[in-house]
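Read the structure below first, then the notes.
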């Protein structure tokens, strides 16, 4: 079964607005990563947050992590049409397997 | 200068055939992966190799056999293809030493007729 569940499954906003996507997971983790997937392309790594971190920023991206609630959020500020993509969270359970468990993704549509 | 490249990009074939997908990375990474993404976009790990050694083998039918001739290559051979094998298969790589960000290829879209 999938480790993570993203919410919402789909999100449509206007250019310039902020987009918030949430991810919930089930087991303890070492770190959580967010990836973007453009249509017909592979996943691209956006940001990694470790289990002892609560917030991380990268450009227009802000990620939060709440390990007590087993949840994370990705905020994209001042969205652009080019941000249109699917966004996935992925967790590492720290078992040494070096494999990520991905959520189901949020499909973001940014209208120009 | 593509980092992780997969071939072919599209693969359309008949049920029962045998096919291979090739993957190469030029990032100098030690670890390579195969993932399967189904029609609902769920992405699931299939195999992982570290320095040509198999370290993860999920509950994948043994019709699927990965081969790593060297640490820059991880190929996937599939025997006796079935309708349920239709999916997008992604190769990825990462540095060793804990879980690092993974770099993905653009996927191979496999369609079984």
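Protein chains in written order, with the numbering used here: chain B, 152 to 263; chain D, 1049 to 1161.
Cβ coordinates follow ideal geometry from the N, Cα and C atoms, glycine included.
Worksheet entry | Coarse secondary structure for residue 1051 of chain D, derived from DSSP in three states | The sequence position of residue 1051 of chain D within the second chain is 3, counting from 1. In the structure shown, residue 1051 of chain D sits in coil (DSSP, three-state: anything other than H, G, I, E or B).
- Secondary structure, beta strand (DSSP E): runs of 3+ residues fully inside the segment 1053–1128 of chain D: Runs of the beta strand (DSSP E) lying entirely within the segment 1053–1128 of chain D, each at least 3 residues long, are 1058–1061, 1067–1073, 1079–1085, 1091–1098, 1101–1105, 1112–1118 and 1121–1126 in chain order.
Which residues in the same chain as residue 169 of chain B place their Cβ atom closer than 8 Å to its Cβ, once the five residues preceding and following it in sequence are excluded? The residue labelled residue 169 of chain B in the question sits at position 18 within the first chain. Excluding residues within five positions, the ones whose Cβ falls inside 8 Å are 226, 227, 228, 229 and 230.
Residue from B:164, B:254 and B:158 with nearest C-alpha to residue 263 of chain B: On the first chain, residue 263 of chain B is found 112 positions in, with the first residue counted as 1. The shortest C-alpha separation from residue 263 of chain B is found at B:164.
Just how far apart, CA to CA, sit residue 1100 of chain D and residue 1143 of chain D?
Against the second chain, residue 1100 of chain D aligns to sequence position 52. Against the second chain, residue 1143 of chain D aligns to sequence position 95. The C-alpha of residue 1100 of chain D lies about 14 Å from the C-alpha of residue 1143 of chain D.
Next on the checklist: Quick check on this structure: which residue in B:188, B:223 and B:206 has the alpha carbon closest to the alpha carbon of residue 233 of chain B?
Outcome noted: Counting from one through the first chain, the residue named residue 233 of chain B turns up at place 82. Shortest Cα-Cα distance from residue 233 of chain B to any of B:188, B:223 and B:206 involves B:188.
Q) Cα separation between residue 160 of chain B and residue 1140 of chain D? A) Numbered from 1 along the first chain, position 9 holds the residue referred to as residue 160 of chain B. Numbered from 1 along the second chain, position 92 holds the residue referred to as residue 1140 of chain D. Going by C-alpha positions, residue 160 of chain B is about 24 Å away from residue 1140 of chain D.
_Let's test the definition: count the other Cβ atoms within 10 Å of the Cβ of residue 1094 of chain D and tell me whether it reaches 16, buried, or not, exposed._
Against the second chain, residue 1094 of chain D aligns to sequence position 46. By the neighbour-count rule (16 or more Cβ atoms within 10 Å), residue 1094 of chain D is buried.
message: Give me the chain B residues within the contact set of residue 1150 of chain D, using Cβ-Cβ distance strictly less than 7 Å, ordered along the chain.
response: Residue 1150 of chain D sits at position 102 when you count from the first residue of the second chain. Within chain B, the residues 196 and 251 have their CB atoms less than 7 Å from the CB of residue 1150 of chain D, given in chain order.
- Message: DSSP three-state label for residue 241 of chain B, please.
- Response: Within the first chain, numbered from 1, the residue matching residue 241 of chain B stands at position 90. In this structure, residue 241 of chain B counts as strand in the three-state DSSP scheme.
message: Going by DSSP in three states, residue 233 of chain B sits in which element: helix, strand or coil?
response: Counted from its first residue, the first chain places residue 233 of chain B at position 82. Helix, per DSSP.
Per-residue DSSP class, three states only, for residue 1154 of chain D: Position 106 of the second chain, counted from the first residue, corresponds to residue 1154 of chain D. Of the three classes helix, strand and coil, the one that applies to residue 1154 of chain D here is coil, per DSSP.
**Asked** Helix, strand or coil: which one does DSSP assign to residue 1131 of chain D?
**Response** Within the second chain, residue 1131 of chain D is the residue found at index 83, counting from 1. Helix at residue 1131 of chain D.
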